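Enquirer: If you read the sequence shown in my numbering, its first letter stands for residue 80, the second for the next number, and so on.
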Amino acid sequence: MSLSVLKEILLTEERILGRVAELGEEISRDYAGRDLVLVTVLKGSVVFLSDLTRAIAIPHSFDFVGASSYGAGAESAGKVRITHDVSIDLAGRDVVLVEDICDTGRTLETLTNLAALHRARSIEICVLLVKDRGRPREKEHGIRYVGFHIPDVFVVGYGLDYGERYRNLRCVGVLDMESAR
Ligand code: PRP
Numbered sequence: 080m081s082l083s084v085l086k087e088i089l090l091t092e093e094r095i096l097g098r099v100a101e102l103g104e105e106i107s108r109d110y111a112g113r114d115l116v117l118v119t120v121l122k123g124s125v126v127f128l129s130d131l132t133r134a135i136a137i138p139h140s141f142d143f144v145g146a147s148s149y150g151a152g153a154e155s156a157g158k159v160r161i162t163h164d165v166s167i168d169l170a171g172r173d174v175v176l177v178e179d180i181c182d183t184g185r186t187l188e189t190l191t192n193l194a195a196l197h198r199a200r201s202i203e204i205c206v207l208l209v210k211d212r213g214r215p216r217e218k219e220h221g222i223r224y225v226g227f228h229i230p231d232v233f234v235v236g237y238g239l240d241y242g243e244r245y246r247n248l249r250c251v252g253v254l255d256m257e258s259a260r
């Protein structure tokens, strides 16, 4: 796909994959000998999950939760709706919630509550992109693993969409709204 829909590339494919490899090594070390389950939120995080799971060297499982907060536009709707629950048993297991981006943090809060309801033994959070809004978001939301901090701009690519498009871009960039129309 042409990158002409982007006005700026924030993270190249090479940088993303390098950082995902580091996160995979860190999680492999931290969870050695434990019963790790990655729980990912559809749909944007699927691309991140597919690289992260292969960067983790220890045996583990993964599962999906459906949650939607943005609808079709660029602004948060302010509510998170659970559209699909996990299908495997999380009780007594060590859960890492995998998210592509933390914006308002509402999705992470909802997922953390959901994993707690399923009586996970432990719950940690791994987010590829944390939006800086002048506040320490990972402290705010208890995020243990952070890929990158990015400015408070609307980004697409590597799973992130605008109106369900551009998820297939290999990099993360700022959409040029004029050429995206
Ligand atoms: C996006 C993104 C995160 C969430 C982050 O999902 O993939 O899951 O918003 O926003 P928050 O921190 O403000 O809650 P979206 O609802 O757009 O669904 P999608 O993954 O299917 O694109």
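Backbone N, C-alpha and C fix where the C-beta goes; we use that ideal spot for every residue, glycine too. These numbers come from a predicted model, not from an experiment.
Could you check whether the Cβ of D255 sits closer than 7 Å to any heavy atom belonging to the ligand PRP?
Expert: No.
Enquirer: Is it true that the CB of I204 sits closer than 8 Å to the CB of L176?
Expert: A contact, by the Cβ cut-off of 8 Å.
Enquirer: Give every residue of the same chain whose Cβ lies closer than 6 Å to the Cβ of I106, excluding the five residues on either side of it in the sequence, and list them in chain order.
Expert: The residues are I135.
Enquirer: Which two residues bound the contiguous alpha helix (DSSP H) that contains G97?
Expert: That run of the alpha helix (DSSP H) goes 92 to 109.
Enquirer: Got a sec: does the ligand PRP put a non-hydrogen atom nearer than 7 Å to the Cβ of E101?
Expert: Not under cutoff, so the answer is no.
Enquirer: Taking the CB atoms as reference points, tell me whether V125 and S258 lie closer together than 8 Å.
Expert: The answer is no: Cβ separation not under 8 Å.
Enquirer: Using 10 angstroms around the beta-carbon of H220, count the other beta-carbons present and answer buried if the total reaches 16, otherwise exposed.
Expert: By the neighbour-count rule (16 or more Cβ atoms within 10 Å), H220 is buried.
Enquirer: Between the C-alpha atoms of S129 and E93, what's the straight-line distance to the nearest angstrom?
Expert: Rounded to the nearest angstrom, the two C-alpha atoms are 16 Å apart.
Enquirer: Tell me the residue span of the alpha helix (DSSP H) that contains F127.
Expert: Looking at the DSSP string, the run of the alpha helix (DSSP H) that includes F127 is 125 to 134.
Enquirer: Under three-state DSSP, which class holds S147?
Expert: Residue state, collapsed to three classes: strand.
Enquirer: Please name the residue or residues paired with V177 in a DSSP beta bridge.
Expert: Paired residues: T119, C205.
Enquirer: With respect to 7 Å, is the separation between the Cβ of S124 and the closest non-hydrogen atom of the ligand PRP below this value?
Expert: Yes, the ligand PRP has a heavy atom inside 7 Å of this Cβ.
Enquirer: On a CA-only basis, which of G252, R198, L248 is nearest P230? Give me that one, please.
Expert: With distances taken between Cα atoms, P230 lies closest to G252.
Enquirer: Go ahead and pull the three-state DSSP assignment for R249.
Expert: R249: coil per DSSP, three-state reduction.
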